[in-house]
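Right, one structure below, let's go through it.
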Amino acid sequence: MNQSGLEQILGVFALSVTDFWMICVVAAAFTLYSFVAGKVFFLPFLKNFEAREALTTGADSEASALVERASAIEAEIDERINSARIDAVKEKLEKLQGSQKEASALLLEAENDAQAVVVRGREEIHREIDQLKAELFSRVDDLASDVSRSISDNLTGSGVAH
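Pasting the structure below:
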């Protein structure tokens, strides 16, 4: 049995030469059918899928842009809130400093008033002391005269000679 190389290969798969040519014709027909079906049937479906994908991607990117914009707005709002808080704290500190300055001024004024009262009190006490001393000294002469008269009366009345 003298067989060609093709017949030997086909014999391994239990195929004949007619089967080989039939496989070739069917492969060519399938390729032609795939090309035509791709252009006629599958291309419109692919275009629809691509259009849907483009719309989905567009909506996705639009949603991403909106999310980024919302994040930026949120960050700006947070920044404004923090700025307002800082301003409020600064204002509170300024008011507190103003109140402290006012309290210090009132305390200083009260201290000065207290010192003035102490000075006036001391002056009044000194005046009263001086007045009492003057009164005492004026009475001392009268008392000395009275004591001297009393001693002299006692001495003359009791018979003791001078």
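Per the working numbering, residue 1256 is the first one in the sequence shown, and the count goes up by one each step. Using N, Cα and C, we set each Cβ at its ideal position, and we do this for glycine too.
In the displayed model, residue 1271 falls within coil according to three-state DSSP, outside both helix and strand.
Distance from the CA atom of residue 1289 to the CA atom of residue 1265, rounded to whole angstroms, is 27 Å.
Residue 1402 and residue 1363 have their alpha carbons spaced roughly 56 Å apart. Note on geometry: alpha-carbon atoms of residue 1319 and residue 1294 lie some 35 Å from one another. In the structure shown, residue 1289 adopts helical secondary structure according to DSSP, grouped into three states. Under the three-state reduction of DSSP output, residue 1407 falls in the helix class. Take the alpha-carbon of residue 1268 and the one of residue 1275: they are about 11 Å apart.
Per the coordinates, the alpha-carbon of residue 1374 lies some 48 Å from the alpha-carbon of residue 1341. In the three-state reduction of the DSSP assignment, residue 1359 falls in the helix class. Taking the Cα positions, residue 1406 is about 20 Å away from residue 1393.
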